[in-house]
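Asks:
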Amino acid sequence: MLAVELALSAIAVIGQRPTPPRSGQPSVGVGAPQRLQVGDRTLVMTNLGGPQAQDLLTRIAADMGQAVHTVEAFWGTDWPHDVDVVATGSQRQFEERAGGGPAAQWADIAAIAVADHVDPHRRVALGQRIVFAPGASGMSESALRIVLTHELFHYAARADTAVDAPRWLTEGVADYVARPHTPVPDVAPPPTALPSDADLAAPGQQRSQAYDRAWLFALFVADTRGAPTLRALYRAACGDGHTDLSGAVNDVLGTDTAGAVADWQQWLTRQPAH
Ligand SMILES: [Zn+2]
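For the sequence shown, the positions run 2 to 275 when the numbering used here is used.
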């Protein structure tokens with residue numbers, strides 16, 4: 002169980018191929034978006050697939066209240082009240098809605114939060130949506146909750162996130178928010194540098210490990226300095242007009258990059274998993 006959760010990344014690896022809708026099969030719930038009030042937010046759900054996508058949306062709707070609560074507890078409440086969620090019916094449809102590009106990059110991705118236009122200087126994000134791949138239907142309840150919460154964090158933070166923000170940190174923080182606080186996995190070899198965006202680029206196992214490291218760094222910051230400090234680091238390193246990473250680390254953590262890596266290594270060796 003634990004291994005499964007730890008192997009999951011935000012962009013959780015999908016182990017199951019989606020079942021393509023049979024031609025002529027009637028689509029349930031396809032058409033106008035379905036709106037559902039969740040606390041003081043509105044979940045706007047669009048089903049682009051058939052009954053399978055509808056089932057996924059039903060599960061997402063059931064999990065949304067907790068996901069909103071978790072994101073608000075970390076990030077605050079100042080983010081869009083409408084949350085757009087799209088369930089796609091085919092991998093090709095997912096790729097289109099997720100932003101296109103080479104199909105290979107979407108191969109193991111369960112969901113993604115995207116926007117058509119972002120202007121962090123004016124705190125504007127237009128056309129935001131969380132798009133689920135058809136394969137997300139095969140995820141366990143716990144995995145789906147993690148993916149939903151992770152993507153919802155991106156959704157909440159989007160208007161405060163620079164387009165050139167260090168991606169690994171945005172992913173690490175999203176995973177920190179989304180993952181249950183379970184024991185820390187063994188990391189071998191121990192990190193000798195901060196994670197990088199290049200680490201996240203490779204598909205498959207390498208990407209999954211890169212997400213784990215980014216998550217572990219975020220967890221280290223929150224565990225040793227408190228969640229508000231992690232939020233401050235996100236804003237300093239990823240927000241509008243952000244400084245470079247080493248400057249943000251210095252300003253917020255009060256140490257240089259080498260010092261942060263050394264502290265991180267020490268923290269990892271102190272974890273109960275060792
Ligand atoms: Zn992400």
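For each residue, glycine too, the CB sits at the ideal point set by N, CA and C.
1) Using C-beta distances below 8 Å, list every residue in its chain close to residue 106, excluding the 5 sequence neighbours before and after it, in chain order.
2) Restricting to Cα atoms, I'd like to know which of 151, 240 and 197 is closest to residue 72.
3) For residue 135, is the classification buried or exposed, using 16 other Cβ atoms within 10 angstroms of its Cβ as the cut-off for buried?
4) Closer than 7 Å: is that where the CB of residue 175 sits relative to any heavy atom of ligand 1?
5) One question on the structure: do residue 200 and residue 169 come within less than 8 Å of each other, judged by their Cβ atoms?
6) With three or more beta-carbon pairs closer than 8 Å as the criterion, would you say the segment 81-90 touches the segment 45-58?
7) Under DSSP, the alpha helix (DSSP H) around residue 98 begins and ends at which residues?
8) Inspect the beta-carbon positions of residue 181 and residue 266 and report whether they are closer than 8 Å.
9) Is the distance from the Cβ of residue 243 to the Cβ of residue 157 below 8 Å?
10) Hey, quick one: how far does the alpha helix (DSSP H) through residue 279 stretch, first residue to last?
11) How about residue 70: is its Cβ closer than 7 Å to a heavy atom in ligand 1?
12) Express the C-alpha separation of residue 230 and residue 131 in angstroms, rounding to a whole number.
13) Taking 6 Å as the limit between beta carbons, can you name the residues of its chain near residue 83, skipping five residues before and five after?
14) By DSSP, does residue 35 sit in helix, in strand, or in coil?
15) According to DSSP, which residues form a beta bridge with residue 114?
16) Grab me the residues of residue 66's own chain with a C-beta within less than 7 Å of its C-beta, minus the 5 sequence neighbours each way, in chain order.
17) Do you know offhand how far residue 236's Cα is from residue 76's?
Replies: Answer, in terms of the structure:
1) 204
2) 151
3) buried
4) yes
5) yes
6) yes
7) 92-99
8) no
9) no
10) An answer regarding residue 279 cannot be provided, because it is not within the stretch 2 to 275 covered by the chain.
11) no
12) 27 Å
13) 43 and 45
14) strand
15) 131
16) 39 and 40
17) 10 Å
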